[in-house]
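If you read the protein sequences in the order shown, they are chains A and B. Counting in the numbering used here, the first sequence runs from 475 upward without gaps. Counting in the numbering used here, the second sequence runs from 475 upward without gaps. Built from N, CA and C at the ideal position, the CB exists for glycine as well.
There are 2 protein chains.
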Amino acid sequence: MSLLVIGSVAFDAIETPFGKTDKIIGGAASYISLSASYFVKPINLVAVVGGDFPQEYIDSIRSKGVDTKGLQIKSTEKSFFWSGKYNYDLNSRDTLITELNVLGNFDPIIPDDYQNCEYLMLGNLSPDVQLKVIERLHNRPKLIVLDTMNFWMDIALDSLKQVISKVDVLTINDEEARQLSGEYQLKKAAQKIMLLGPKYLIIKKGEHGAILFHEDRSFYAPALLLDQVFDPTGAGDTFAGGFLGYIAKKDKTDFDTLKKALVYGSAMASFCVEKFGTENLFNLTEQQIEDRFNQFRIMVEF
Amino acid sequence: MSLLVIGSVAFDAIETPFGKTDKIIGGAASYISLSASYFVKPINLVAVVGGDFPQEYIDSIRSKGVDTKGLQIKSTEKSFFWSGKYNYDLNSRDTLITELNVLGNFDPIIPDDYQNCEYLMLGNLSPDVQLKVIERLHNRPKLIVLDTMNFWMDIALDSLKQVISKVDVLTINDEEARQLSGEYQLKKAAQKIMLLGPKYLIIKKGEHGAILFHEDRSFYAPALLLDQVFDPTGAGDTFAGGFLGYIAKKDKTDFDTLKKALVYGSAMASFCVEKFGTENLFNLTEQQIEDRFNQFRIMVEF
Numbered sequence: 475m476s477l478l479v480i481g482s483v484a485f486d487a488i489e490t491p492f493g494k495t496d497k498i499i500g501g502a503a504s505y506i507s508l509s510a511s512y513f514v515k516p517i518n519l520v521a522v523v524g525g526d527f528p529q530e531y532i533d534s535i536r537s538k539g540v541d542t543k544g545l546q547i548k549s550t551e552k553s554f555f556w557s558g559k560y561n562y563d564l565n566s567r568d569t570l571i572t573e574l575n576v577l578g579n580f581d582p583i584i585p586d587d588y589q590n591c592e593y594l595m596l597g598n599l600s601p602d603v604q605l606k607v608i609e610r611l612h613n614r615p616k617l618i619v620l621d622t623m624n625f626w627m628d629i630a631l632d633s634l635k636q637v638i639s640k641v642d643v644l645t646i647n648d649e650e651a652r653q654l655s656g657e658y659q660l661k662k663a664a665q666k667i668m669l670l671g672p673k674y675l676i677i678k679k680g681e682h683g684a685i686l687f688h689e690d691r692s693f694y695a696p697a698l699l700l701d702q703v704f705d706p707t708g709a710g711d712t713f714a715g716g717f718l719g720y721i722a723k724k725d726k727t728d729f730d731t732l733k734k735a736l737v738y739g740s741a742m743a744s745f746c747v748e749k750f751g752t753e754n755l756f757n758l759t760e761q762q763i764e765d766r767f768n769q770f771r772i773m774v775e776f
Numbered sequence: 475m476s477l478l479v480i481g482s483v484a485f486d487a488i489e490t491p492f493g494k495t496d497k498i499i500g501g502a503a504s505y506i507s508l509s510a511s512y513f514v515k516p517i518n519l520v521a522v523v524g525g526d527f528p529q530e531y532i533d534s535i536r537s538k539g540v541d542t543k544g545l546q547i548k549s550t551e552k553s554f555f556w557s558g559k560y561n562y563d564l565n566s567r568d569t570l571i572t573e574l575n576v577l578g579n580f581d582p583i584i585p586d587d588y589q590n591c592e593y594l595m596l597g598n599l600s601p602d603v604q605l606k607v608i609e610r611l612h613n614r615p616k617l618i619v620l621d622t623m624n625f626w627m628d629i630a631l632d633s634l635k636q637v638i639s640k641v642d643v644l645t646i647n648d649e650e651a652r653q654l655s656g657e658y659q660l661k662k663a664a665q666k667i668m669l670l671g672p673k674y675l676i677i678k679k680g681e682h683g684a685i686l687f688h689e690d691r692s693f694y695a696p697a698l699l700l701d702q703v704f705d706p707t708g709a710g711d712t713f714a715g716g717f718l719g720y721i722a723k724k725d726k727t728d729f730d731t732l733k734k735a736l737v738y739g740s741a742m743a744s745f746c747v748e749k750f751g752t753e754n755l756f757n758l759t760e761q762q763i764e765d766r767f768n769q770f771r772i773m774v775e776f
């Protein structure tokens, strides 16, 4: 099955209580693609970087089975750069630098080879760019997953609602679900948000797990209790990559498959946060992923 | 099996965004006893009230199979009174009034009839009072569950650690676990706290569920997604009552039994928050409780 990923590929510079990094591989589409690559290949990537983005970074992403034909390189421009510093509890962070650079006028060009993708992951980007991607696909994918954030609710709510109306699965965090729906109770919030279009809603609660909503049903995956959380950057994107990667691998979109996908997504996110940036997403084994999947079952079985 | 409950029986006056109450039945031991009464009888109650505590309140508690022989009535004094106001999200509250009254010099006298209790629930009280109860029992119960709060960590840490060292199960919330252990990650926090004595630790996370720790194992019960949360007062106590009530009913203290007990406790807490105060704990049916227990299974099964 083919999976198309749209999102940012970027530089991140991260500081946590445990250390700091220089400009490492960042961006939603990087995390999503690397995570999904453990489930299905190839991953077709549509993104944009500047001439400053090292070829070795691109090669390392390609080495995981990610097709980078759709990765535009604007040689005279600079890559998107985000820098942030996490507080002691790792639950809050301060953004130090956001340089949009090439992302400011990103035109998502979809290579012909990618046209017949069956699964589409719209990583966090301007809703206008996300809409363009849907419009430019000749056939509608079997399942479209959309990630977004409060920033777009604040400045582009109409466009955001338009793209939300066209997707199957929306992933947001609990605060964003409350903001988007105007409801505090998550059950009510979920019902209102699904009225906007998506058949499925995933509410991510960070260290408190994630909830999948569908019609009047819900399914809860806790977050694993880890020995060490090192860097939460990209956890949500890694989750989304594992989630849709598993669905694409199974080529099924029923509720039971999505429940398991939620657990695989959570398992991938748990690896992500154990090291800086994307580091832990390069050398996982199938067995490690299965072991962690099984830990979720043990944690909730009674 | 016999269950002994020690804690406050009191007046609460509660204000939430949905309404407010006059002086209704409050206190940890009230919630614990009422909740446990759905699992095992009699519940033996040791507590103290003043002469102002209405006989009808005592009768209503007795009507649920709670033995009130151990409820001291100090006719010339006033009952413990707490008044609080919840904010919009119901996750934070301001205490408006705390009048200790009879609780200030509570001497927990244990009637002879209660001496051979097999299960003991030490509701939130001064650790010195909790210690006295343990010392005054001629035989050690099969399982002792202790509830406490950050207040006692702040002002009576040595006494608290002493009582913690004598119990089998400690229940606290996530912030309290972090305070008590000095560790942010709950897994590490739990390991450190269990070194203080308890074989089991329950970390309550409110709307995010509860985790049971034992040796190197952990078990997670989510909070159900309710249509309406009306008043969170007493949810933790109701949880504890259902938890230990189920254990006493089964008369088993292995990890598998405690896992199910965690779910029953969570189920009882979910009823508690749907109405004001103890209101919803008076008229539940066994079938309602079983249905809710099964909802937990549906919510996590994959």
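Please check if any C-beta of chain A sits within less than 7 angstroms of the C-beta of residue i.
| i | result |
| --- | --- |
| residue 737/B | yes |
| residue 660/B | yes |
| residue 773/B | yes |
Are the C-beta of residue i and some C-beta of chain B separated by less than 7 angstroms?
| i | result |
| --- | --- |
| residue 776/A | yes |
| residue 696/A | yes |
| residue 682/A | yes |
| residue 692/A | yes |
| residue 699/A | yes |
Does DSSP put residue i in a helix, a strand or coil?
| i | result |
| --- | --- |
| residue 546/B | strand |
| residue 630/A | coil |
| residue 560/B | strand |
| residue 493/B | strand |
| residue 527/B | coil |
| residue 584/B | coil |
| residue 500/B | strand |
| residue 692/B | strand |
| residue 485/A | strand |
| residue 684/B | strand |
| residue 678/A | strand |
| residue 521/B | strand |
| residue 758/A | coil |
| residue 701/B | coil |
| residue 479/A | strand |
| residue 565/A | coil |
| residue 620/B | strand |
| residue 644/B | strand |
| residue 774/B | helix |
Quick one: Cα of residue i to Cα of residue j, how far?
| i | j | result |
| --- | --- | --- |
| residue 520/B | residue 507/B | 10 angstroms |
| residue 644/B | residue 744/B | 21 angstroms |
| residue 593/B | residue 628/B | 28 angstroms |
| residue 622/B | residue 705/B | 20 angstroms |
| residue 699/B | residue 568/B | 25 angstroms |
| residue 580/B | residue 604/B | 11 angstroms |
| residue 587/A | residue 513/A | 20 angstroms |
| residue 483/A | residue 563/B | 37 angstroms |
| residue 607/B | residue 614/B | 11 angstroms |
| residue 687/B | residue 636/B | 20 angstroms |
| residue 551/A | residue 572/A | 15 angstroms |
| residue 611/A | residue 654/B | 55 angstroms |
| residue 486/B | residue 500/B | 5 angstroms |
| residue 701/B | residue 663/A | 10 angstroms |
| residue 541/A | residue 535/A | 9 angstroms |
| residue 620/B | residue 712/B | 14 angstroms |
| residue 659/B | residue 649/B | 11 angstroms |
What do you reckon, is the C-beta of residue i under 6 angstroms from a heavy atom of the ligand SAM?
| i | result |
| --- | --- |
| residue 497/B | As presented, the structure is devoid of all ligands, the ligand SAM included, so that no description of it is given. |
Inset, instruction - With 9 angstroms as the limit, tell me which residues of the segment 713-741 of chain B have their beta carbon closer than that to any beta carbon of chain A; keep them in chain order. - result: 730, 733, 734, 736, 737
Legend entry - chain A contacts made by the segment 547-576 of chain B, where a contact means CB separation under 9 angstroms: Legend: CB atoms of the segment 547-576 of chain B lying less than 9 angstroms from CB atoms of chain A belong to residues 562, 563, 564.
Inset, instruction - Scan the segment 570-618 of chain B and note each continuous beta strand (DSSP E) run of 3 residues or more that stays entirely inside, going in chain order. - result: For secondary structure counted as the beta strand (DSSP E) over 3 or more consecutive residues, the segment 570-618 of chain B holds these complete runs in sequence order: 593-596.
Inset, instruction - Just list the beta strand (DSSP E) runs in the segment 704-733 of chain B, keeping only unbroken ones of 3 residues or longer that don't cross its boundaries, in chain order. - result: none
Legend entry - Within 7 angstroms of chain A by C-beta, residues of the segment 514-532 of chain B in sequence order: none
Legend entry - Chain-ordered residues of the segment 637-649 of chain A with a beta carbon less than 7 angstroms from chain B: none
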